[in-house]
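Trainee: Numbers -17 to -1, 1 to 339, taken from mature numbering (1 follows the signal peptide of the UniProt record, and there is no 0), label the letters of the sequence shown in order. A virtual CB, placed ideally from N, CA and C, is assigned to each residue, including glycine.
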Amino acid sequence: MLLSVLALSSLVAAVSGCTGTINSLSDVAAAVKCTTVNINGFTVPAGQGLSLSLVSGATVNLNGNIAFGNKSWAGPLFTVSGTNIVFNGNGHTFDGGGPFYWDGQGSNGGTTKPRPMMKIKISGQFKNVKVVNSPAQTFSVSNPAALTISGITIDNSLGDQPNSKSGGLAAGHNTDAFDASTTDLTISGCTVHNQDDCLAINKGSNIVFTGNSCTGGHGISIGSITSGVTVSSITISNNKVINNDQALRIKMDAAATGSSVSGITYTGNTGSGLRKFGVLIDQSYPATLGTPGNGVKLSGVNFVSGNVLSVNSGADRVAVNCGSGSCTGTWNWSGLKVTGGQAGPMNYKGVSGGSY
Ligand SMILES: *[C@@H]1O[C@H](CO)[C@@H](O)[C@H](O)[C@H]1NC(C)=O
Ligand SMILES: *[C@@H]1O[C@H](CO)[C@@H](O)[C@H](O)[C@H]1NC(C)=O
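1. Along the chain, where does the alpha helix (DSSP H) containing Tyr84 start, and where does it finish?
2. To the nearest angstrom, report how far apart Val(-6) and Val69 are at their CA atoms.
3. Whole angstroms are fine: how far does the CA of Leu33 sit from the CA of Asn46?
4. Alpha carbon to alpha carbon, how far is Asn91 from Gly273?
5. Flag residue 341 as yes when its Cβ comes closer than 6 Å to any non-hydrogen atom of ligand 2, and as no otherwise.
6. For Leu257, does the three-state DSSP call read helix, strand or coil?
7. For Leu45, which residues does DSSP report across the bridge?
8. Could you check the C-alpha separation between Asn152 and Thr4 for me, to the nearest Å?
9. Is it the case that the Cβ atoms of Val301 and Val244 are separated by a distance below 7 Å?
10. If Val115 and Thr76 are in contact, beta carbons under 8 Å, what's the gap, nearest whole angstrom?
11. Whole angstroms is fine: what's the gap from Pro328's alpha carbon to Gly289's?
12. Considering only residues of the region 204 to 229, which uninterrupted alpha helix (DSSP H) runs meet the minimum length of 4 residues and lie entirely inside it, listed in chain order?
13. Report the start-end ranges of each beta strand (DSSP E) in the region 236 to 289 that is 3 residues or longer and not cut off at the edges.
14. Relative to the alpha-carbon of Gln120, which residue among Lys148, Tyr84, Asp167, Asp159 has its alpha-carbon at the smallest distance?
15. Starting from the Cα of Thr66, find the closest Cα among Pro127, Asp299, Gly87 and give me that residue.
16. Which partner residues does Val303 have in the DSSP bridge list?
17. On the DSSP bridge list, what partners appear for Thr62?
18. For a quick check, are the C-beta atoms of Ser123 and Pro97 less than 7 Å apart?
19. Looking only at DSSP bridge pairs, what is Ala50 linked to?
20. May I have the straight-line CA-CA distance separating Asn315 from Ser335, to the nearest angstrom?
21. Going along the chain, which residues put their C-beta within less than 6 Å of some heavy atom in ligand 1?
22. Which of helix, strand or coil does DSSP assign to Val11?
23. Does the distance between the C-beta of Asn315 and the nearest non-hydrogen atom of ligand 2 fall short of 6 Å?
24. Whose CA, out of Ile233, Ile205, Cys197, His156, lies closest to the CA of Gly172?
25. Does the Cβ of Gly142 have 16 or more other Cβ atoms within 10 Å, making it buried, or fewer, making it exposed?
26. Taking the continuous beta strand (DSSP E) assigned at Leu319, which residues delimit it?
27. Suppose the cutoff is 8 Å on Cβ atoms and the five residues either side in sequence are ignored; what does the same chain contact list for Ala(-4) look like?
28. Between Leu35 and Val43, how many whole angstroms is the CB-CB distance? I'm expecting something under 8 Å.
29. Measuring alpha carbon to alpha carbon, tell me which of Asn21, Val212, Gly87, Leu231 ends up nearest Ile203.
30. Below 6 Å, is the gap between the Cβ of Val287 and the nearest heavy atom of ligand 2?
31. For Val11 and Ser164, I'd like the C-alpha separation in whole angstroms.
32. Which of the three DSSP states, helix, strand or coil, is assigned to Gly93?
33. Val291 bridges to which residues according to DSSP?
34. Would you mind reading off the limits of the beta strand (DSSP E) that contains His176?
35. Over the uninterrupted beta strand (DSSP E) stretch that includes Leu130, give me the two end residues.
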């Protein structure tokens, strides 16, 4: 009896201490039982995803590039889950095959696109991965405990060009870089070129977005905020926003009820080539500067220091569109300077300081 218990526990230890190697989808089930998982480069068959459900404490090493076969289906293309994981991308690439799907309509219509491309459900670290040509939304993050995502490059720059299906519009659409409805998440040192939000926080708290660069899209966003959600304790710092529609935005649905957004701190962010707004805070989403709702209580929006934005001619430097009574408190904007364009509309009196 004692012997067989010993034998069994050493067997379990041996399995979890093993190194698993993935060369194709058929290797996944056995490899994910190990605490070290090495992934070699391969092409995932069209219409299938690569999904890793890891043992707690596992380390994953990506040792080659992963491509996904082209087929219109719902996705996601890649899913990873587990607790206390270290995922080392080693600079290797996930290629979503975007040009096969892009039609200028993103997730609003047209071809069904596998999305999100990358579904991250781990705690620990996810780092040094390159992602190219996402069919639509790129990363969706729902970490079970603290997670740091760092050193990610997302390159959807090919999607800036129109194609034969996009009616003259950019072919890539709704290619959000990071969609986060979560808590205890840090995203740092990432480089993004896309056609939608660089970050979109739909709900959650203790989220830090720092030292990233965002080119071509819709800027760094809180929202859109729907009904019954809370966002609090968000730090947006030391990011560079280049040639986006706006740099920094809080978008709240006009129809939302029972939600709150508070404690949003901006420090050291720079922006240039901004096409529509420097800062846009709007409670009329999906309209822009339409009739605002007042179902999202917004408070504690502060620009601490070193936020320097320059907008294009014709763009608004700052626009604030609050519903009746739904923006509250004093907001300290002493650390915000916006130049270029024109002053935008601002209907909230609780803002102090800043130059814009
Ligand atoms: C999918 O199609 C795109 C666009 O034609 C191409 O760039 C990519 O290499 C294709 N992927 C595979 C795995 O064949
Ligand atoms: C606003 O923030 C700045 C920088 O943190 C600080 O020096 C200043 O005292 C604050 N102003 C108010 C009115 O709190």
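Mentor: Working from what's here:
1. In the sequence shown, residue 84 corresponds to position 101, counting from 1. Unbroken alpha helix (DSSP H) run through Tyr84: 81 to 84.
2. As a first step, residue -6 is located in the sequence shown; it is residue number 12 there, counting from the start. As a first step, residue 69 is located in the sequence shown; it is residue number 86 there, counting from the start. Because Val(-6) sits at a pLDDT of 46, beneath the cut-off of 50, its placement in the model cannot be relied upon, and the following sentence gives the value as read from the coordinates. Distance between the alpha carbons of Val(-6) and Val69: 21 Å.
3. As a position in the sequence shown, residue 46 is number 63, starting the count at 1. As a position in the sequence shown, residue 33 is number 50, starting the count at 1. Distance between the alpha carbons of Asn46 and Leu33 is about 15 Å.
4. Start at 1 with the first residue of the sequence shown, and residue 91 comes out as number 108. Start at 1 with the first residue of the sequence shown, and residue 273 comes out as number 290. Using only the alpha carbons, I get a separation of about 21 Å.
5. Within the shown structure, residues of the chain are numbered from -17 to 339, placing residue 341 beyond reach of any answer.
6. Within the sequence shown, numbered from 1, the residue matching residue 257 stands at position 274. Correct three-state label for Leu257: strand.
7. Sequence index remark: in the sequence shown, residue 45 carries index 62 (1-based). Looking at the DSSP assignment, Leu45 forms a beta bridge with Ile22.
8. Within the sequence shown, residue 152 is the residue found at index 169, counting from 1. Within the sequence shown, residue 4 is the residue found at index 21, counting from 1. The sequence shown places Leu at residue 152, rather than the Asn named in the question. Leu152 and Thr4: Cα-Cα distance of roughly 42 Å.
9. Counted from its first residue, the sequence shown places residue 301 at position 318. Counted from its first residue, the sequence shown places residue 244 at position 261. For Val301 and Val244, no; Cβs fall outside 7 Å.
10. Mapped onto the sequence shown, residue 115 falls at position 132. Mapped onto the sequence shown, residue 76 falls at position 93. So it is a contact: roughly 6 Å between Cβ atoms.
11. Translated into positions along the sequence shown, residue 328 becomes position 345. Translated into positions along the sequence shown, residue 289 becomes position 306. Cα-Cα distance, rounded: 23 Å.
12. none
13. 242 to 250, 253 to 257, 260 to 268, 279 to 288
14. Reading the sequence shown from its first residue, position 137 is the one you call residue 120. Measuring from the Cα of Gln120, the nearest candidate turns out to be Asp159.
15. Locating residue 66 in the sequence shown gives position 83, where the first residue counts as 1. Nearest of Pro127, Asp299, Gly87 to Thr66, Cα basis: Pro127.
16. In the sequence shown, counting from the first residue as 1, residue 303 sits at position 320. According to DSSP, Val303 bridges with Ile264, Met329.
17. For the purposes of this step, residue 62 is taken as residue 79 along the sequence shown, with counting starting at 1. DSSP, once it has assigned bridges, lists Ser34, Lys102 as partnering Thr62.
18. Sequence index remark: in the sequence shown, residue 123 carries index 140 (1-based). Sequence index remark: in the sequence shown, residue 97 carries index 114 (1-based). Against a cut-off of 7 Å, the Cβ pair of Pro97 and Ser123 comes out as no contact.
19. In the sequence shown, residue 50 corresponds to position 67, counting from 1. DSSP, once it has assigned bridges, lists Thr26, Asp78 as partnering Ala50.
20. Start at 1 with the first residue of the sequence shown, and residue 315 comes out as number 332. Start at 1 with the first residue of the sequence shown, and residue 335 comes out as number 352. If you take the alpha carbons of Asn315 and Ser335, they lie about 5 Å apart.
21. Thr26, Ala50, Gly52, Asn53, Gly80, Pro82, Phe83
22. Translated into positions along the sequence shown, residue 11 becomes position 28. Note: Val11 maps to helix in three-state DSSP.
23. The residue given as residue 315 occupies position 332 in the sequence shown. Yes, since a heavy atom of ligand 2 falls inside the 6 Å radius drawn around the Cβ of Asn315.
24. On the sequence shown, residue 172 is found 189 positions in, with the first residue counted as 1. Looking at the Cα atoms, Cys197 is the closest of the given residues.
25. Taking the sequence shown and counting its residues from 1, one reaches residue 142 at position 159. Answer is buried; the Cβ neighbour count reaches 16.
26. On the sequence shown, position 336 is the one that residue 319 refers to. Taken as a continuous stretch (DSSP letters only), the beta strand (DSSP E) holding Leu319 covers 319 to 322.
27. If you number the sequence shown from 1, residue -4 lands on position 14. The predicted position of Ala(-4) is uncertain, since its pLDDT is 43 and thus under 50; no value can be drawn from it.
28. For the purposes of this step, residue 35 is taken as the residue at position 52 of the sequence shown. For the purposes of this step, residue 43 is taken as the residue at position 60 of the sequence shown. With a Cβ gap of about 7 Å, Leu35 and Val43 count as contacting.
29. Translated into positions along the sequence shown, residue 203 becomes position 220. With distances taken between Cα atoms, Ile203 lies closest to Leu231.
30. Here residue 287 refers to the residue found at position 304 of the sequence shown. Yes, the beta carbon of Val287 sits closer than 6 Å to at least one heavy atom of ligand 2.
31. If you number the sequence shown from 1, residue 11 lands on position 28. If you number the sequence shown from 1, residue 164 lands on position 181. Cα to Cα, Val11 sits roughly 28 Å from Ser164.
32. What you label residue 93 is simply residue 110 of the sequence shown in a count that begins at 1. Three-state result, Gly93: coil.
33. One-based indexing of the sequence shown puts residue 291 at position 308. Bridge partners of Val291: Thr253, Lys320.
34. Working through the sequence shown from its first residue, we reach residue 176 at position 193. Segment 174 to 176, the beta strand (DSSP E) holding His176.
35. The count along the sequence shown starts at 1 and reaches residue 130 at position 147. Unbroken beta strand (DSSP E) run through Leu130: 130 to 133.
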